[in-house]
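Each remark here refers to the structure printed beneath this line.
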Amino acid sequence: MLYHLLYPLHESISVFNVFRYITVRSIGGAVTAFLIMLLLGPWFIRQLKQRQIGQVVRDDGPETHLAKQGVPTMGGVLILAAITISSLLWAKLDNPLVWLLLFVSLFFGMIGAIDDIRKIKKKSSDGLSAKGKLLLQVFGASVVGLFVLLHPGYDGLLSVPFLKNIHPDLSWFYVVFAIFVIVGASNAVNLTDGLDGLAAGPTVISASVYLIFSYLAGHAILADYLQIPYVQGAGELAVFCGAMVGACLGFLWFNAYPAQIFMGDVGSLALGGALGGVAIIIKQEILLAIVGGIFVMEAISVILQVGYFKISHGKRIFLMAPFHHHFEKKGWHEPKVVVRFWIVSIILGLIAVATLKLR
Ligand code: 57M
Numbered sequence: 001m002l003y004h005l006l007y008p009l010h011e012s013i014s015v016f017n018v019f020r021y022i023t024v025r026s027i028g029g030a031v032t033a034f035l036i037m038l039l040l041g042p043w044f045i046r047q048l049k050q051r052q053i054g055q056v057v058r059d060d061g062p063e064t065h066l067a068k069q070g071v072p073t074m075g076g077v078l079i080l081a082a083i084t085i086s087s088l089l090w091a092k093l094d095n096p097l098v099w100l101l102l103f104v105s106l107f108f109g110m111i112g113a114i115d116d117i118r119k120i121k122k123k124s125s126d127g128l129s130a131k132g133k134l135l136l137q138v139f140g141a142s143v144v145g146l147f148v149l150l151h152p153g154y155d156g157l158l159s160v161p162f163l164k165n166i167h168p169d170l171s172w173f174y175v176v177f178a179i180f181v182i183v184g185a186s187n188a189v190n191l192t193d194g195l196d197g198l199a200a201g202p203t204v205i206s207a208s209v210y211l212i213f214s215y216l217a218g219h220a221i222l223a224d225y226l227q228i229p230y231v232q233g234a235g236e237l238a239v240f241c242g243a244m245v246g247a248c249l250g251f252l253w254f255n256a257y258p259a260q261i262f263m264g265d266v267g268s269l270a271l272g273g274a275l276g277g278v279a280i281i282i283k284q285e286i287l288l289a290i291v292g293g294i295f296v297m298e299a300i301s302v303i304l305q306v307g308y309f310k311i312s313h314g315k316r317i318f319l320m321a322p323f324h325h326h327f328e329k330k331g332w333h334e335p336k337v338v339v340r341f342w343i344v345s346i347i348l349g350l351i352a353v354a355t356l357k358l359r
């Protein structure tokens, strides 16, 4: 919005010329979202406490988690508010990709909110049925997949990191692939969100990498030089990614151990959906498996654990899944597990950026 209001005045007030630069607006988006979280966080936590919107902790988890009973949850509502307000302030509003990414984030946030509210009302950790949640997620993701496939200038070609000349054409199957990426990312972040700061940290790193890739994908000359798909208008998604970075950093201020607030499914499903959405929209889909490697490893640990548990009639691969609990069970303190996962996430982020040249 600020671009539309202030840039036209740049001839009389020259400083407003800066609003034309995506880099400036991405940083503006990040700082604005961060400040919204920092300034409204304490108030929001008080509101959650007054309304007794507190976490119901399962009794079959690590004993250390029982002390977390009642921690205010659904902090994702404030995260989404910060991302939305900041994006609407700093992004160009005549860009359909920005609205598409806002849609998928808020739609997945709505799914999570329904789940959270049901859990809180029922005072149990069972929320929306798995089938109901999945159907809603598939619908939301299919909107993005269809938009991308039918939008002028898009195609069903896949980008493969490290292999610049390989572009498999999925054609209509690209919609199914897009659903897999977005729904998979959403649920993977959801599973990861099981320790203080464990989901927000890697999300900051992933959104930072996608901020860079969005800027490059939307820049015709740089995209051509780096041999990545040029996506007209993708640069504006750097502003959205900046808002995600700022909002998650602001959330971390309160979610760092010992957490004063959890993001809830409203936050984890939305952030995962947003990361999956931006990966599809800027045509950097497989890259998410690298930069979001922590999320992928967490989801795979659950798939392996549940699968082996069933075929072995009760045996386990990990002491507990998702595998952040495995390290807790091995005696690692929670902050140590979280910071070590952040370290791995940062290394994966650097490798993801390196794919721009290693190809
Ligand atoms: C999402 N939710 C956390 C919080 C957060 C199939 C199975 C693997 C499913 C999985 C599951 O239920 N996942 C749901 C994980 C929960 O966090 C809430 O949920 C939101 C995110 N969705 O925002 O509102 C708990 O996580 C802890 N937490 C923190 N700090 C945070 O910042 O400490 C969350 C955020 C919170 C709090 O304790 O209550 C969760 O873990 O439920 N199930 C599991 O993850 C369970 N694993 C399991 O059952 N493993 C079995 C299966 C695979 C065979 C096994 O390994 O044998 C674990 N989770 C819990 N207890 N709580 C273990 C049992």
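Residue numbers (the numbering used here): 1 to 359. Where is the CB? At the ideal position from N, CA and C, for every residue including glycine. Bear in mind the structure is a predicted one, so any value in this text is a computation, not a measurement.
For residue i, three-class secondary structure by DSSP
i      : result
Pro42  : helix
Pro8   : helix
Asp169 : strand
Val360 : This structure cannot speak to residue 360, because the chain is shown only from 1 to 359.
Pro229 : coil
Val160 : strand
Gly70  : coil
Gly54  : strand
Gly127 : coil
Leu93  : coil
Glu63  : helix
Ile221 : helix
Ile290 : helix
Ile36  : helix
Gln392 : Residue 392 is absent from the model: the chain starts at 1 and stops at 359.
Gly235 : helix
Gly314 : coil
Met244 : helix
Tyr3   : helix
Ala30  : helix
Leu146 : helix
Gly132 : helix
Lys49  : helix
Span of the alpha helix (DSSP H), counted from its first residue to its last, around residue i
i      : result
Trp342 : Glu334 to Ala354
Gln305 : Gly293 to Ile311
Pro96  : Pro96 to Lys122
Gly76  : Gly76 to Trp90
Asn17  : Run containing Asn17: none; DSSP gives neither H nor E here.
Phe327 : Phe323 to Lys329
Asp265 : Gly264 to Ile281
Interface flag, residue i vs chain C, CB-CB below 8 angstroms
i      : result
Gly109 : In the structure shown, chain C cannot be found, because there is only a single protein chain.
Opposing strand residues paired with residue i [DSSP bridges]
i      : result
Gly250 : Answer by DSSP bridge pairing: none, since Gly250 is not bridged.
Cβ-heavy atom distance, residue i to the ligand ZN, below 7 angstroms
i      : result
Met320 : As for the ligand ZN, it is missing from this structure, which binds only the ligand 57M.
Please list the segments of the alpha helix (DSSP H) lying wholly inside the segment 171 to 219, counting only runs of 4 or more residues, in order along the chain.
173 to 192 and 200 to 217
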